Each structure stands twice: as C-alpha cells, then as structure tokens.
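S.K.: Residue numbering for the sequence shown is 1 to 295, as defined by the UniProt record's numbering.
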Amino acid sequence: MSEIKALGYLGFSISDPQAWRDYAENILGVSIEENNDGDISLRVDSYAWRIKLKNSDHDNLDYVGWEVSDKQDLESLKARLSDQGVEFQVGSDELAKARQVQELIVFNDPDGTRCEAFYGPLQLTNIPFVSPKGFRFITGEQGLGHIVLISKDHTAQEAFYTQLLGFKVSDYINTEVIPGKPLNISFLRCNGRHHSLALAPVPIPAKVAHIMLQVDNVDDVGRAMDAAEKAGTHFSFTLGRHSNDEMLSFYTMSPSGFDVEFGWGAIEVDDDTWHVKVHHTNSAWGHKFQRPPRK
Ligand SMILES: [Fe+2]
C-alpha cells in the first residue's frame, strides 16, 4: 500500500534536559543515553534510538522519520516525489551516520514539517534494551507508536500523506474536545497500528499535539500513572478508552509542552476487512481534558 512501513523515529529540540531525563526514565520507562554532542537518545526497543532530544533554548518538533523496507522502496518513493514535484534532498553520509541509518531522504510536508524517509536502522542486539521501569513497548512492525500533528492546511496535509505517501484513512473523529470548538481529526495508518499519524486542525501555533507509546501490559499503564502523579506531572487527559483504536491510555504533558499518550490494548487493523468509520466522541469513557496549569 505504501513504501512507508512505520513511524521510525522522532527528533525534538528541548530546553530542559534534566526534566526530560526524569520524565523519560521515571514516567515513560524508556532508557536514555547521553550522546557525545550533548543530545539525549531515548530507546524503547532494539533500535539504537527512537527519540532524539537536542539541547536548545526552545522546544520544537524537528523531524519525523518514516521507515521504508529497503533501498528499492526508497528509490520508488523518490521517483514518486519527483513525479509529483515534491522537492527532496538525499541525506548526506554525515546525516545518515547521525541518524544511524543506511540511507535517507529529507522533504517537507505541506505544513512545513520536516519528514525523513529511511531504511536500515541500526539495531543494538548486543546492548539489549532494558526499561528502567520493566516496561515492554509494542513496536516491531507497528513502529515506534503514533504522532498527532497540528494541521494548518488540513486538506493539503491529508492529501499529501494519503495520495502521495500512501497512508490509508482508518477513521475520522468529528468532535468537540473543548465545548463549542468543533474538531475534525483524521487518523492515518501505514501498517497494522490503527494510526501512526493523526492530523488535528487545532488553531494553535504548536506543531505536535501528542506522541503515543504503547506497552504490552495494562498494569504498566497504572504504574506509569502512579509515577506521574507522584512526580506532580500535569495530566492533560485522564485515563480513558479511545473510541476508535480502543487504546486504554492517559496523557501527561511532557517538559516540552506537548503531550505523551501512554497506552495499552489498541486494536490492530486488518486491511482486508477494515472500512473507514466516523466517531463523534474521542473516547468510549474517560479522557477528560484538563487545562494545563498557567505558568
Ligand atoms: Fe493518540
């Protein structure tokens, strides 16, 4: 259906590395590695890294890495981008080395979010991933998890990811998270995960609404919740069960201001039988929105 097989990695600029170290290890239960250049790499599985946090004076989503199977698929994607007049650059050897992948290309989506398509991520089977909390994350063919981008030009964004990059629409949620403010969110998949990408046209300057990590044990959702409460972390959405992917999850605000959804139990989509659906509620229950504390 698409050369793109999964959400591979994410890169952020962050302004508070110590807060991120605490948040990543103690609440999310991912492992952290301090890089020579001062950046922090987060691991959740055999991949050398999945989330890169770059020390900065501001907080921002820098890039989204989409994984393709091999060189042939990367060439096929390059050809289609060329045909459709989408500019891309072939990543330099230096960039491929920094990303710890075999090869990559770089291009922007219509909202200007930097996308990278790559194959050949380094696997650290010699240094097994060990969660400081004992968590096991659902990745593999379903990739890292999902990211929800704030769409500025929603129609162009959905067309770009579906018609050009080959994502499929799983469903739409047409709802009002905040009463009186209609919100129509598109959920897009590139593998069995219900959505690796969602597009939410919220009129705020941020680029990313949230990212999601999924664990294989419901009790670990509870343990992460306990740790977040103990640390005094803001819960952006309380515990709940989503209407569409059926994820049981809660959301906390990361030190960068975007949320991290931490969940368990999502359905997997079978392409042969799935049909596009519409929901009018975010959640079957729970997921009560809580305004962030004023700074
Ligand atoms: Fe989510």
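Just so you know, even glycine gets a beta-carbon here, dropped at the ideal spot from N, CA and C. These figures come from a predicted structure and were not determined experimentally.
(1) With distances taken Cα to Cα, identify the nearest neighbour of V276 among A79, A209, R189.
(2) Determine the DSSP secondary structure at H146, reduced to helix, strand or coil.
(3) I need the straight-line Cα distance from D59 to G29, nearest angstrom please.
(4) Under the rule that 16 or more other beta-carbon atoms within 10 Å means buried, what is K207, buried or exposed?
(5) Could you say which of D270, D259, V269 lies nearest to H287 if we only look at CA atoms?
(6) Using the C-alpha atoms, what's the distance from G11 back to L53?
(7) Within 10 angstroms of its Cβ, does I204 collect 16 or more other Cβ (buried), or is it exposed?
(8) Can you tell which of D37, V269, Y63, E67 has its C-alpha closest to the C-alpha of D47?
(9) Could you say which of G140, N108, G232 lies nearest to Q123 if we only look at CA atoms?
(10) Mapping DSSP to helix, strand and coil, what is R80?
(11) Would you tell me roughly how many angstroms separate the C-alpha atoms of Q72 and P17, rounded to the nearest one?
(12) Closest by CA to residue 369, which one among G265, I32, P182?
(13) Short check: CB of D45 to CB of R114, under 8 Å?
(14) Go through its chain and collect everything with a Cβ distance to E25's Cβ below 7 Å, but skip five positions before and after it.
(15) Kindly examine ligand 1 and report whether one of its heavy atoms sits closer than 7 Å to the Cβ of V148.
(16) May I ask you to check if the CB of H280 is nearer than 7 Å to at least one heavy atom of ligand 1?
(17) Please list, in chain order, all residues of the same chain as G8 whose beta carbon is under 7 Å from its beta carbon, the five residues on each side excluded.
(18) With distances taken from CA atoms, which of P201, T162, H195, F187 is nearest K181?
(19) Tell me, please, whether the stretch 207-225 touches the stretch 248-259 by the rule of three or more beta-carbon pairs shorter than 8 Å.
(20) Relative to ligand 1, is the shortest distance from any of its heavy atoms to the C-beta of E116 smaller than 7 Å?
(21) Can you tell which of N244, S256, A284 has the C-alpha that lies nearest to the C-alpha of T238?
(22) Is any non-hydrogen atom of ligand 1 found closer than 7 Å to the C-beta of M212, if you look at the structure I gave you?
(23) Within the present structure, is the beta-carbon of E261 separated from the nearest heavy atom of ligand 1 by less than 7 Å?
(24) Tell me whether N108 sits in a helix, a strand or coil according to DSSP, three-state version.
(25) Among E75, Q100, R99, K97, which has the Cα closest to the Cα of F88?
(26) Determine, using beta carbons only, whether H195 and S170 come nearer to each other than 8 Å.
(27) Under three-state DSSP, which class holds Q102?
(28) Take K168 as the anchor and find which of T175, E176, N174, E158 has the nearest alpha-carbon.
(29) Does A6 pass the burial test, meaning 16 or more other C-beta atoms within 10 Å, or should it be called exposed?
M.R.: Looking at the atomic coordinates:
(1) R189
(2) strand
(3) 21 Å
(4) buried
(5) D259
(6) 6 Å
(7) exposed
(8) Note that residue 47 is Tyr in the sequence shown, not Asp. Among D37, V269, Y63, E67, the Cα nearest to that of Y47 belongs to E67.
(9) G140
(10) helix
(11) 38 Å
(12) The first residue shown for the chain is 1 and the last is 295, placing residue 369 beyond what the model contains.
(13) no
(14) I32, P132
(15) yes
(16) no
(17) G65, W66, E67, F118, P121, G143, L144
(18) P201
(19) yes
(20) no
(21) A284
(22) yes
(23) yes
(24) strand
(25) E75
(26) yes
(27) coil
(28) E158
(29) buried
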